[in-house]
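**Student:** In the numbering used here, the protein residues as written are 4 to 243. A single structure is presented below for examination.
Here it is, written out as structure tokens:
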């Protein structure tokens with residue numbers, strides 16, 4: 004199954020103009036392929052959510068998590084929208100690779116290959132470091148900064164590639180921000196941005212779904228409230 008998910012990640016890259024090694028600018032991608040996406044601060048146990056109604060696709064991302072984690076979540080939700088044949092919309096907590104939930108595990112594996120393609124990783128590792136546990140912190144930082152990945156996601160991928168051990172993961176999972184700062188990187192990737200943003204014609208789609216009886220009035224109100232629009236207040240203003 005790992006091979007199939009890796010193949011699907013490669014297929015998705017090729018389908019939308021990315022080769023097997025280059026990083027993906029997920030914000031640009033989401034706009035280009037017209038996936039309506041909302042970034043909003045949510046609780047810690049909520050990474051993201053995706054919904055597909057006919058040809059319309061929607062993703063909700065928790066902006067209270069680090070930017071690197073958000074990128075992984077987007078990759079996770081892309082799997083649900085494009086490759087999960089039995090997908091039922093639900094609240095996702097990404098990066099856990101749960102053994103008892105195939106849908107979530109497969110989405111995590113897909114996301115790891117989409118975000119961190121093996122060819123791209125290898126291209127950034129100096130030849131003298133392509134041995135087990137020989138990768139230096141400077142190289143780890145360069146890879147995660149290039150691909151917009153969290154440290155956890157990168158180390159997990161390096162472990163699957165048999166380039167590091169679990170001891171290496173333990174040693175390199177602490178003082179992450181300090182190491183990045185000392186090597187001259189800003190910390191944006193490692194911190195939440197806590198912002199509210201919308202990619203796509205959110206209000207127009209919400210109205211269309213409501214008018215076509217795809218969502219209830221309550222769901223319609225909830226969708227608009229997610230971007231700070233209170234339907235009740237709008238109605239009150241119209242009456243005035």
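Backbone N, C-alpha and C fix where the C-beta goes; we use that ideal spot for every residue, glycine too.
#1: Please state whether DSSP places residue 27 in a helix, a strand or coil.
#2: Could you name each continuous alpha helix (DSSP H) segment of 4 residues or more that falls completely within the stretch 120-146, going from the start of the chain to the end?
#3: Mapping the DSSP letters down to three states, classify residue 18 as helix, strand or coil.
#4: Tell me the DSSP secondary structure of residue 171 in three-state form.
#5: Do residue 65 and residue 46 count as a contact pair if the criterion is CB distance below 9 Å?
#6: For residue 98, does the three-state DSSP call read helix, strand or coil?
#7: Can the beta-carbon of residue 60 be found less than 9 Å from the beta-carbon of residue 28?
#8: Measuring alpha carbon to alpha carbon, tell me which residue in 144, 30, 68 is nearest residue 48.
#9: Go through the stretch 27-56 residue by residue and report every complete run of the beta strand (DSSP E) that reaches 3 residues or more, in order.
#10: How long is the line joining the alpha carbons of residue 189 and residue 71, rounded to whole angstroms?
**Tutor:** Result, derived from the coordinates:
#1: coil
#2: 121-126
#3: helix
#4: helix
#5: yes
#6: coil
#7: no
#8: 68
#9: 39-43, 51-56
#10: 13 Å
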